[in-house]
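Undergrad: First the structure, which I've put down as structure tokens, then a few questions once you've had a look.
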Amino acid sequence: MSTITADPTLLQVLSQMKEKTEIRDPDGNLVGVYTPTTEVEKSLIEKACMLVDRAELERRKSEEGGKGIPTAEVLRHLESLGNAK
Numbered sequence: 025m026s027t028i029t030a031d032p033t034l035l036q037v038l039s040q041m042k043e044k045t046e047i048r049d050p051d052g053n054l055v056g057v058y059t060p061t062t063e064v065e066k067s068l069i070e071k072a073c074m075l076v077d078r079a080e081l082e083r084r085k086s087e088e089g090g091k092g093i094p095t096a097e098v099l100r101h102l103e104s105l106g107n108a109k
């Protein structure tokens, strides 16, 4: 996912949006869809972040040499679990 930084004018416009909103150019072409984060979502994100032990994540990362498991390998493993029935 890409990120942009909104200037004050854009922030003022977006802050008024309370539901999923299409953004269109002057010709009516769809530019994108803006989905505001609700207060409930913000609260859940904050709670989830508090549960994450950053030191433990760093310890595990260094223990593994900073390398993870490729997505394809994880998917093969998950598929094999489904076939184990």
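Counting with our numbering, you get residues 25 to 109 for the letters of the sequence shown. Glycine residues also receive a C-beta, built at the ideal position from the N, C-alpha and C atoms. Note that this is a predicted model, so its numbers are computed, not measured.
Does DSSP put Thr-29 in a helix, in a strand, or in coil?
TA: coil
Undergrad: Taking the alpha-carbon positions, what's the Leu-102 to Thr-95 distance?
TA: When rounded, the distance between both Cα atoms is 11 Å.
Undergrad: Give me the Cα-Cα distance between Thr-33 and Gly-89, rounded to the nearest whole angstrom.
TA: 45 Å
Undergrad: Just how far apart, CA to CA, sit Thr-45 and Thr-59?
TA: 6 Å
Undergrad: Could you pull the DSSP bridge partners for Leu-54 from this structure?
TA: Arg-48
Undergrad: Could you give the first and the last residue of the continuous alpha helix (DSSP H) run that contains Val-64?
TA: Element bounds for Val-64: 63-75.
Undergrad: Is the beta carbon of Arg-48 closer than 9 Å to that of Asp-37?
TA: A small correction: the amino acid at residue 37 is Val; Asp does not occupy that position in the sequence shown. Not in contact: Val-37 and Arg-48 (Cβ atoms no closer than 9 Å).
Undergrad: With distances taken from CA atoms, which of Asp-51, Gln-40, Gly-52 is nearest Thr-62?
TA: Gln-40
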